[in-house]
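Notes follow once the structure below has been shown.
Number of protein chains: 2
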Amino acid sequence: MALKETHITLAHGNGGRFMRELIDDLFAARLGNTVLDTSLDAASIPSLPAGVLVVTTDGFTVQPLEFPGGNIGSLAVHGTINDLAVSGAVPHYLTLNAFIEEGTEIALLERLIDAMAQAARDSQVSVVAGDTKVMPRGQADGVYFATTGFGVRPHTLELGMPHVRAGDRILVSGTVGDHGAAVLLAREEFGFHGDLRSDSASVLDAAQALCKIPGLRFMRDPTRGGLATVANEMARATSLCVRLQEDAIPISEPVQSVCELLGYDPLYLASEGRLVAVVATEAADQALVALRNTNTEARLIGELTDEPAQVIMQTELGGERVLEELEEDPLPRIC
Amino acid sequence: MALKETHITLAHGNGGRFMRELIDDLFAARLGNTVLDTSLDAASIPSLPAGVLVVTTDGFTVQPLEFPGGNIGSLAVHGTINDLAVSGAVPHYLTLNAFIEEGTEIALLERLIDAMAQAARDSQVSVVAGDTKVMPRGQADGVYFATTGFGVRPHTLELGMPHVRAGDRILVSGTVGDHGAAVLLAREEFGFHGDLRSDSASVLDAAQALCKIPGLRFMRDPTRGGLATVANEMARATSLCVRLQEDAIPISEPVQSVCELLGYDPLYLASEGRLVAVVATEAADQALVALRNTNTEARLIGELTDEPAQVIMQTELGGERVLEELEEDPLPRIC
Chain A
-13 MALKETHITL AHGNGGRFMR ELIDDLFAAR LGNTVLDTSL DAASIPSLPA GVLVVTTDGF
47 TVQPLEFPGG NIGSLAVHGT INDLAVSGAV PHYLTLNAFI EEGTEIALLE RLIDAMAQAA
107 RDSQVSVVAG DTKVMPRGQA DGVYFATTGF GVRPHTLELG MPHVRAGDRI LVSGTVGDHG
167 AAVLLAREEF GFHGDLRSDS ASVLDAAQAL CKIPGLRFMR DPTRGGLATV ANEMARATSL
227 CVRLQEDAIP ISEPVQSVCE LLGYDPLYLA SEGRLVAVVA TEAADQALVA LRNTNTEARL
287 IGELTDEPAQ VIMQTELGGE RVLEELEEDP LPRIC
Chain B
-13 MALKETHITL AHGNGGRFMR ELIDDLFAAR LGNTVLDTSL DAASIPSLPA GVLVVTTDGF
47 TVQPLEFPGG NIGSLAVHGT INDLAVSGAV PHYLTLNAFI EEGTEIALLE RLIDAMAQAA
107 RDSQVSVVAG DTKVMPRGQA DGVYFATTGF GVRPHTLELG MPHVRAGDRI LVSGTVGDHG
167 AAVLLAREEF GFHGDLRSDS ASVLDAAQAL CKIPGLRFMR DPTRGGLATV ANEMARATSL
227 CVRLQEDAIP ISEPVQSVCE LLGYDPLYLA SEGRLVAVVA TEAADQALVA LRNTNTEARL
287 IGELTDEPAQ VIMQTELGGE RVLEELEEDP LPRIC
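Chain order of the listed sequences is A and B.
Under the numbering used here, the residues of the first sequence are numbered -13 to 321, in order.
Under the numbering used here, the residues of the second sequence are numbered -13 to 321, in order.
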């Protein structure tokens, strides 16, 4: 690491030598690959596999920047990879924008970009282009990232809400709410620590396993707003009723405890390494087996019915309650 | 416009109804196209023309957000389009990230996105995916944008600094420094106004005209750091001497006056609608004609020689001075 400063200064954004050092020694040294060339205005992408080119983009402003199980760097890779994965695509390339606050510790930035690089390597994606801006002290809250991802989906794969039918089954690939609960505790506003870890991870393996199964209709990752929000989006888009079984939804013991203590509903807390899938009835068993091969906590959690469009939770005691659409975000800045 | 509020609130970023209205009524209503679907996590791109896929990304934090000749919305389109254009590609699609400060006037945002949409239409590019984040008051300085662009370059086109040879000629597609000078005046720190307009525009026509000419070696848009910075990058990358003719470099009268008055050198001020090109000696005349067809101010401004790598300005009186690499940015936040 040739950067001699310990903190980011405005000179790291001025287009001169400091900026070149920041980009080459901190970013490119960690993220480097055969496509990334910091002397060029644009990256030339080697030929992609046959299929439909799929693109997505997301901004990341999580606070705190580091939390048990990840940081804003790994999250910015997983978040964008997962949006591609649930669309049925295999992610190949990312671009990165960084807005960095003057005064940010360079050692912190190194940890963020290390985690980003590791997450990208683990998922075999390359960061092929980037841009950094340094903002005056007081702006940008440390770091904001934006990542744009490119992937390829088979021409033959047709997924989406319009394919969902009454009778279809709903699955989740693991416990829900872990990321939201971990970030909540990491804020230390409540004066206690826990052993909660974010589930931030790629869902590509789970998504690809499901894509092999005829009868897969739709996938989505339950990030901001959690499982309850994905369920409400499904009800609104399909005009069907989403019926969930409370006792089937996997929630880890520590997440359940923290939520009870602090008054949060884990069904509205973000996951960052899970997917929700809708499959035809006859494909449900095969889909569950496929998901359990990637995570033993995967569960069949509900179905869609011809009743009026809303989300109904069937409780363990045989009762029913409606899971309303979120009006107020219970936990801002979680991604 | 169905948005009932007049200013952005944190609720516009919370994932609920307000956010859906912001995205659908403000962004999608203006930027909408057949690919953009705000209900999906990722956009499927219709088949692209044959060639090399080229990708670039850039962040925009200009202050003020609006200036004569453009705003941060049009700039965010032109900046990314131009990075693709000077790489020899035709831009096709953009993605957009917006980081918006709580309290920002919605009418201002509408003007920014209107200008963005107009710039995209003018260049026949579509915004196919986006993400918005609302940041607490005091952060993000109104608005930051990041745009990622992708386009296609012919397989047969090989451009870049490694192709540059001693004897090659240097051209510029129009007057330099207009954007930097216009933003400078728009800041009103100097207590006077002028009739300067930013040159913010697409350089695609000029770039495509040059791409037809055998002997084209390299193009770049002289944004932050201006013409002098592009010249220094060329000297450093090629280990050649860049010789520029002072009396050949087109600078508008108002830009020259403002720079003399305020002590700026227009050669270090950004253009946002110009390109610098290097061509083989024998292609220089044809390249100049091609550029003049797009802008009568286009000029042949210098050449590369086998002397030691630096940038030498030959003055009108026959003298020489070295144009040094920028250490301090004379004018931050211009793009």
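C-beta: ideal position from N, C-alpha, C; glycine also.
Since we're looking at a predicted model, the values are computed, not measured.
The alpha-carbon of R6 of chain B is positioned some 40 Å away from that of L255 of chain B. Minimum Cα-Cα distance from G18 of chain B among the listed residues B:I58, B:A115, B:L34, B:V169 corresponds to B:A115. Here the alpha carbon of H(-2) of chain B sits roughly 10 Å from the alpha carbon of E314 of chain A.
When C-alpha distances from T24 of chain A are compared across A:I320, A:L312, A:V162, A:D117, the shortest belongs to A:D117. With respect to the 8 Å criterion, D233 of chain B and E302 of chain B are classified as neighbours on the basis of their beta carbons. Runs of the beta strand (DSSP E) spanning 3 or more residues and lying entirely within the region 41 to 101 of chain B occur at 76 to 87, in chain order. With respect to the C-alpha of T81 of chain A, the residue from A:T133, A:Q104, A:H165, A:T42 having the closest C-alpha is A:T133. Within the region 227 to 272 of chain A, the runs of alpha helix (DSSP H) at least 4 residues long that lie entirely inside it are, in chain order, 239 to 248. By the Cβ criterion, the region 290 to 302 of chain B is not in contact with the region 172 to 191 of chain B, since fewer than three pairs of Cβ atoms, one from each stretch, lie closer than 8 Å.
In the DSSP assignment, F204 of chain A falls within the beta strand (DSSP E) that extends over 202 to 206. A Cβ-Cβ separation of about 7 Å places E87 of chain B in contact with V129 of chain B under the 8 Å criterion.
Contact annotation for A36 of chain B against chain A: no contact, minimum CB-CB distance about 11 Å [criterion: below 8 Å]. Within the region 281 to 310 of chain B, the complete beta strand (DSSP E) runs of at least 3 residues fall at 285 to 291, 297 to 300, 306 to 308. Boundaries of the alpha helix (DSSP H) around T215 of chain B: 212 to 224. For I31 of chain A, the nearest CB of chain B lies under 8 Å from its own CB, placing it at the interface with that chain. Not one beta carbon of chain B lies nearer than 8 Å to the beta carbon of M220 of chain A. For R3 of chain B, the enclosing alpha helix (DSSP H) stretches over residues 3 to 7.
Per the DSSP secondary-structure output, K119 of chain B pairs in a beta bridge with B:F85. In this structure L286 of chain A does not touch R107 of chain A by the C-beta definition: roughly 33 Å separates them, more than the 8 Å allowed. Taking a C-beta distance under 8 Å as the contact criterion, V38 of chain B and S112 of chain A do not qualify as a contact pair.
For N0 of chain B, the neighbours in chain A by C-beta distance under 7 Å run, in chain order, E314, D315, P318. With distances taken between CA atoms, V228 of chain A lies nearest to A:L290 out of A:L290, A:G74, A:R3.
Our two residues, D44 of chain A and R97 of chain B, have alpha carbons roughly 23 Å apart in a direct line. Of all residues in the region 69 to 93 of chain B, the ones placed with a Cβ closer than 8 Å to any Cβ belonging to chain A are D69, L70, V72, S73, A75, Y79, T81, L82, N83, A84, F85, in chain order. At least one C-beta of chain B is nearer than 8 Å to the C-beta of Q125 of chain A.
Excluding sequence positions up to five before and after I237 of chain B, its CB lies within less than 7 Å of the CB of T161, V162, G163, P252, all in the same chain and listed in chain order. For L157 of chain B, the uninterrupted beta strand (DSSP E) run begins and ends at 155 to 158, by DSSP. Residues of the region 246 to 262 of chain B with a Cβ closer than 8 Å to any Cβ of chain A: none.
Secondary structure note for A29 of chain A: its beta strand (DSSP E) is the uninterrupted segment 29 to 31.
Rounded to the nearest angstrom, the gap between the Cα atoms of L22 of chain B and V63 of chain B is 16 Å. Any Cβ of chain A closer than 8 Å to the Cβ of E311 of chain B would place that residue at the interface, and such an atom is present. Counting C-beta atoms within 10 angstroms of its own C-beta, H141 of chain A has fewer than 16 neighbours from the protein chains shown and is therefore classed as exposed. At least 8 Å separates the beta-carbon of L202 of chain B from that of A103 of chain B.
Sorting A:V216, A:E239, A:A195, A:P240 by C-alpha distance to the C-alpha of G74 of chain A places A:A195 at the top. Secondary structure note for G166 of chain A: its alpha helix (DSSP H) is the uninterrupted segment 164 to 172. Secondary structure at L39 of chain A: strand, using DSSP grouped into helix, strand and coil.
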